[in-house]
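In full-length UniProt numbering, the protein residues as written are 1 to 1096.
No residue lacks a Cβ here, since even glycine has one placed at the ideal position from N, Cα and C.
Worksheet for the structure shown next.
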């Protein structure tokens, strides 16, 4: 059917295209749209401390910004310098401003700078204060009108129309079982629809002429039960007063005036009920109206049409809306969020401009007013600093590995301003919807309380017109000989039969089968080929990037696939990466789009390669391509680039010059191909524990580098500046051994936990202001009184390593290079490189949700070995496969063994069972059989138990009883490492309120003994441990203070007195009372043997 076989082929779009398109749309359209809304600011009779939007226009003074002249300058600093100096990568925004004093002074125009605008770099991220940040997409309810029904207290259906404004405000119209129609802005207050229409300017005649059911309106008006609700309908003034008292200022008694009428129309109908262009378009479509798109406010005609539709719903006509359908939602990308913040900054700028003009007007300085003094850059700069630092949709970039770079920018969230909240989101909001197919990944979402509220977009999804999500499909047409690929939104998709089969053929129009599965209006059908309008373009079309990197995905349970897509983003880049033997084919594009590898932009010839740069000759010119050398990511992982080309090699445009962290040959390489088996071994792989070989430690198979940042701030105190010095009193010289003359640790020093990295003294009091008693004490004891205290930067626990960089960032730059003023306030950052081998307690995982913790490192000679003598690298528990239903790991394991023996790499597409029954099994067995024939090893493929082999015990040499599944699996080392988690405490800080140990490793806190732990101790009857946990290890103050002296002097431990029982013990007593067990203290008197009961 196709003349050119390549025409109509689908290629995966740039995975970070959504971020780039959103930011470009903001620069091209968003800036001009917001500047065109910039209001005129008249100044006659104007109160100084009120909002700009409350002012009325007059004819005296005005100020405006011209959107046609907006332009950006080149950034003053490049990306690397911005990161190094902890600055923001931004550009100055210039626009022409005009100021005129009407009838007295002509318009004066001048180009002014209104602030610094943060720029997006080539990775699709922003650099704010030296930190990579990314703005994720937000999915919100689209503005418009939605019809729903619910049951009232009597069990009758009540139909509700919800009008959602552009900013998220809601107005509800409801018709109850008595055919009474009400409007509701809040849950407490409601108003008659007739009174609302009257307040909006409609009379009874206009209402009856513009509705389809006038008799229902008349019966509602004349009903005796509704006379009180409709008493203010006849008078427009009374209707406005009632509306104001119920919705604007609840409970406040007012009288009608022109300012009251203007306040209602300004604050409610023009602000809270602003629909926007998208809302106007949706309402016109839903109510069959033809109102102009430029009229973006709620009109009386909209209210009456919605009421007609409600009455039709009551009479059994019309359909209800599905609020969870994607056609009723829109996605706000980075461009929309930045545009909202830009509009907010302009409002703040307008307020500042008006106050400046008002001051100049009072001082008669208007004729000499300069526009540069009138416009300040502070509102725009501070608004974006606040947005990137505090907004819930602005995240610190997760830079663990290249996959996280690309996935983080494609995330979406229901949370944030105008969206849902974690506590109130229902299950229906979190659940998968049929309209998500091809647009939102049904697998990739977070675990925990945010499940279903955050996720990732499908790999082919794009943001279309009005914020709708679109997915590509091939159009199947008998008339046309060419196959077209069209992007359909979820609204348009409802009108077509969509074939869900995934074609792997190059010619997408060829009929492959007579009957195939299809989707139509959220239903799954089986139809004939001739009835299909569109079909899918790619097997991975429905999934996100993380889920698309899982081989044999169709054989895994969705829960385990979710864990796998999350854990791949937690994989640590290894010192020596390795490509996977079994992959899916997307590894190359993920690595390229992440920006980690170095790609040449010109064709040329390599002059030389160095550790920090590559010199390239292009048309006789020498170009230098810098390499990233041992940089730190936001997650403390190692970012490094290694050259792939050699001297004299010729390169093409787009060729990879250097690999980055976790990439090999331009492909994603997160883990290692290791020899694994599924068998129990002495209980060391019980409950997801993993047994590993010493070879992984000695040969640095899973060795990774981590760069830790330690920083300290140098402040100017009231007593004087803090000093950086090597001379720290009362400190052991051993801890100061790595400091140079300036008091900062030297480059290349090996530091251990507790070593001082920066010596700093903070002034406490002036020596001249010491009182006479203190001076006398100094003379008598011949000991100087300290006027400073030591506030050094010390290396925390678990931070041993080598110092690779020291940065002294000063707030006031000095002209002389190479000299740093010690008294100049600033910040010192020390970067320490750590080399971490795999050890017991580290977390490892496969790509199928099979995760575990290293429990034991066994010598190579003790590991089980194959029939050819090769020892295993890892041993997994076989019981972790059937119950978790992630059988894909078995296919990968066996196919990886065949690939390692045949020296092949496989790229497997999902859902291959559609083309042949048991296709995955046949592929694996055929490759194992071929590997067995070529290598001459019959144990590779045994017909009796294919995929399994007899293993031998490394300790005894005896074979195991049963054959074991053995193969090559791609195993990742995750960032959850024992060095970052292990913690112990003997003494430490206590909470000021509860006097119990603080929590957290960073604060030196203790391990919490909770309710269940106390129950376990009670069950075993360990009275002494329970006593010390609940007394002097908790909040028993007096005993805790005496304990240290008793231990030092060798005395008996103090016993708690009944009078000062700790609160944690009192809680235990009350829990025992709840079990009908009384526990109390009784004091027996020696005189009369009377018992005095004391409350515990």
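*Is residue 943 buried or exposed, if buried means 16 or more other CB atoms sit within 10 Å of its CB?*
exposed
*asked:* Check whether the region 545–556 and the region 420–438 touch, using three or more Cβ-Cβ pairs below 8 Å as the test.
replied: no
*Does DSSP put residue 385 in a helix, in a strand, or in coil?*
helix
*Go ahead and label residue 576 buried or exposed: buried means 16 or more other beta carbons lie within 10 angstroms of its beta carbon, across all protein chains shown.*
exposed
*Run through DSSP, which three-state label would residue 889 get?*
helix
*Does the distance from the C-beta atom of residue 960 to that of residue 951 stay below 7 Å?*
yes
*For residue 823, which of helix, strand or coil comes out of DSSP?*
Unreliable placement is indicated for residue 823, whose pLDDT of 46 sits below 50; the coordinate value is still reported in the next sentence. Looking at residue 823 - three-state DSSP - the assignment turns out to be coil, as it is neither helix nor strand.
*Out of curiosity, what's the CA-to-CA distance linking residue 311 and residue 434?*
30 Å
*Please say whether residue 664 and residue 854 have beta carbons closer to each other than 7 Å?*
no
*With DSSP as the reference, label residue 927 as helix, strand or coil.*
helix
*Output the distance between the C-alpha atoms of residue 116 and residue 393, rounded to the nearest integer angstrom.*
21 Å
*So residue 728 packs on residue 736, CB below 8 Å; how close in whole Å?*
6 Å
_What ranges does the alpha helix (DSSP H) occupy inside the region 521–549, keeping only unbroken runs of at least 4 residues that lie completely in it?_
545–548
*Taking buried to mean at least 16 other C-beta atoms within 10 Å of its own C-beta, is residue 1074 buried or exposed?*
exposed
*Across which residues does DSSP place residue 1076 in a beta bridge pair?*
For residue 1076, which the question treats as bridged, DSSP gives no partner whatsoever.
*Ends of the beta strand (DSSP E) at residue 876?*
874–876
*Enumerated in chain order, which unbroken segments of the alpha helix (DSSP H) with a length of 4 residues or greater are wholly contained in the region 411–498?*
427–430, 490–493
_Suppose you measure from the CA of residue 276 to the CA of residue 292; what does that come to, to the nearest Å?_
12 Å
*asked:* Please tell me whether residue 334 and residue 22 are closer than 7 Å, where the distance is taken between their beta carbons.
replied: yes
*Determine the extent of the alpha helix (DSSP H) in which residue 593 is found, giving its start and end residues.*
587–594
*Taking Cβ positions, are residue 865 and residue 1004 nearer each other than 7 Å?*
no
_Please return the same chain residues whose Cβ sits closer than 6 Å to the Cβ of residue 6, not counting the five positions on each side in sequence._
Note that residue 6 scores 35 on pLDDT, short of 50, meaning its location in the model is unreliable; the coordinates nonetheless yield the value given after this. Closer than 6 Å at the Cβ level, and outside the excluded window around residue 6, lies no residue.
*Closest by CA to residue 491, which one among 282, 313, 803, 19?*
282
*Straight-line CA distance for residue 619 to residue 604?*
7 Å
*Residues near residue 585 by beta carbon distance below 6 Å, same chain, minus five either side*: 907
_By the three-class DSSP mapping on this structure, what secondary structure does residue 378 have?_
helix
*Distance between residue 834 and residue 966 (C-alpha atoms, nearest Å)*: 34 Å
*Buried or exposed: where does residue 118 fall if 16 or more other Cβ atoms within 10 Å of its Cβ makes it buried?*
buried
*What did DSSP end up calling residue 805 once you bin it into helix, strand or coil?*
strand
*Return the bridge partner residues of residue 956 from the DSSP annotation.*
Beta-bridge pairing links residue 956 to no other residue.
_Unbroken stretches of the beta strand (DSSP E), 3 residues or longer, contained in the region 96–131_ = 105–118, 126–128
*Please look up how many angstroms separate the CB atoms of residue 696 and residue 873, rounded, as I've assumed it's under 8 Å.*
6 Å
_Which same chain residues end up closer than 8 Å to residue 558 when comparing Cβ atoms and leaving out the 5 residues on each side of it in sequence?_
442, 443
*Does DSSP put residue 729 in a helix, a strand or coil?*
coil
*asked:* Once DSSP output is grouped into helix, strand and coil, what is the label at residue 160?
replied: strand
*So, residue 974 versus residue 843, is the Cβ gap smaller than 7 Å?*
yes
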